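Enquirer: Residue numbers (the working numbering): 1 to 278.
C-beta: ideal position from N, C-alpha, C; glycine also.
Please read these numbers as outputs of a predicted model, since none were measured by experiment.
Sharing a structure with you now.
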């Protein structure tokens, strides 16, 4: 029996900016119907990898495969119907309203001379409800707060109605309440519709809480990958982030929780030995 075709994978993928190699000969398979989170230090290649998965960056070597075929050999409209990406720091034209922005997510589903359909409008309305923006639909995007603006862009990707969502730091600019709201929303989309979600997160504890699969990237290569219990260890945090920590259990979700102490070591309590045991 042949191996199943995965929705998204890289084979021998090398990515570079000018002469600087960012990703080097990387083989990576994204599990279908799961939430995959890319973690790693600044500059390790997480966002660059996400761009290649979205066909926004051409490989120096190797290939990205979408449904088993080279993504660069597929029509742009076909790719846009299969995956949507939310990059870091997107910007909208001045005066564009939230509703107009979210409508843009439907463009891959339009055909030449085809009019806007009730289904298109229903998808837009659902995306606005899912992101709690229905009351701000007529508000210009540039008049929103940072958190509201981020939710508007996420709503646009939801309106695109793809099986694969790529999100580069989707909780950027959001306060803690809205971080959890957005991650809960993504988790619900995964549970209800089995959407394959790949995102970059900086918060390792939130990654452990929401991810089925974690990929730890270091110096342009996969350092380790697997479920949170397998990947998130004190040794991994030390190797990937150059940070001392203790891994304990999250008291609410029973997932790994990273408690960093950095170079200062573990705080010493009166009467206890220091971190060296003396």
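Check whether the Cβ atoms of residue 169 and residue 202 lie closer than 8 Å to each other.
Expert: For the purposes of this step, residue 169 is taken as the residue at position 169 of the chain shown. For the purposes of this step, residue 202 is taken as the residue at position 202 of the chain shown. Cβ atoms of residue 169 and residue 202: closer than 8 Å.
Enquirer: For residue 73, count neighbouring Cβ atoms within 10 angstroms of its own Cβ and tell me buried if that reaches 16, exposed if not.
Expert: Numbered from 1 along the chain shown, position 73 holds the residue referred to as residue 73. Its Cβ having fewer than 16 others within 10 Å, residue 73 is exposed.
Enquirer: Between which two residues does the alpha helix (DSSP H) harbouring residue 123 extend?
Expert: Here residue 123 refers to the residue found at position 123 when the chain shown is read from its first residue. Segment 118–130, the alpha helix (DSSP H) holding residue 123.
Enquirer: Roughly how many angstroms separate the alpha carbons of residue 51 and residue 205, rounded to a whole number?
Expert: Sequence index remark: in the chain shown, residue 51 carries index 51 (1-based). Sequence index remark: in the chain shown, residue 205 carries index 205 (1-based). C-alpha separation (whole angstroms): 24 Å.
Enquirer: Determine the burial state of residue 240: buried for a count of at least 16 other Cβ atoms within 10 Å of its Cβ, exposed for fewer.
Expert: Looking up residue 240 in the chain shown gives position 240. Buried.
Enquirer: For chain D, find out if any of its Cβ atoms is closer than 8 Å to the Cβ of residue 171; answer yes or no.
Expert: Judged by its chain identifiers, the structure shown contains no chain D, having just a single protein chain.
Enquirer: Measuring alpha carbon to alpha carbon, tell me which of 199, 133 and 189 ends up nearest residue 40.
Expert: The residue labelled residue 40 in the question sits at position 40 within the chain shown. Nearest option by C-alpha distance: 199.
Enquirer: State the Cα-Cα distance for the pair residue 106 and residue 92, rounded to the nearest angstrom.
Expert: The residue given as residue 106 occupies position 106 in the chain shown. The residue given as residue 92 occupies position 92 in the chain shown. Spanning the two alpha carbons is a distance of roughly 16 Å.
Enquirer: I need the DSSP call for residue 196, collapsed to helix, strand or coil.
Expert: Residue 196 sits at position 196 when you count from the first residue of the chain shown. Three-state result, residue 196: strand.
Enquirer: Once the 5 residues before and after residue 161 are set aside, which same chain residues still bring their CB inside 6 Å of it?
Expert: One-based indexing of the chain shown puts residue 161 at position 161. Excluding residues within five positions, the ones whose Cβ falls inside 6 Å are 123.
Enquirer: On the CB-based measure, 16 or more other CB atoms within 10 Å of its CB, does residue 53 come out buried or exposed?
Expert: Residue 53 sits at position 53 when you count from the first residue of the chain shown. Residue 53 comes out buried.
Enquirer: Kindly indicate which three-state DSSP category residue 17 falls into: helix, strand or coil?
Expert: Within the chain shown, residue 17 is the residue found at index 17, counting from 1. It is a strand residue.
Enquirer: Check the C-beta distance from residue 164 over to residue 83 and give it rounded, since I have them as a contact under 8 Å.
Expert: Here the question's residue 164 lines up with position 164 in the chain shown. Here the question's residue 83 lines up with position 83 in the chain shown. At roughly 4 Å, the Cβ-Cβ gap stays under 8 Å, so residue 164 and residue 83 are in contact.
Enquirer: What does DSSP give as the partner residue(s) for residue 260 in the beta ladder?
Expert: Taking the chain shown and counting its residues from 1, one reaches residue 260 at position 260. Answer is 245, bridged to residue 260.
Enquirer: Is residue 46 buried or exposed, if buried means 16 or more other CB atoms sit within 10 Å of its CB?
Expert: Position 46 of the chain shown holds residue 46. Burial call: buried.
Enquirer: Using alpha carbons as the reference points, say which of 220, 221, 229 and 181 lies closest to residue 213.
Expert: For the purposes of this step, residue 213 is taken as residue 213 along the chain shown, with counting starting at 1. With distances taken between Cα atoms, residue 213 lies closest to 229.
Enquirer: Using a Cβ distance threshold of 8 Å, determine whether the segment 20–32 contacts the segment 208–228, with at least three qualifying pairs required.
Expert: yes
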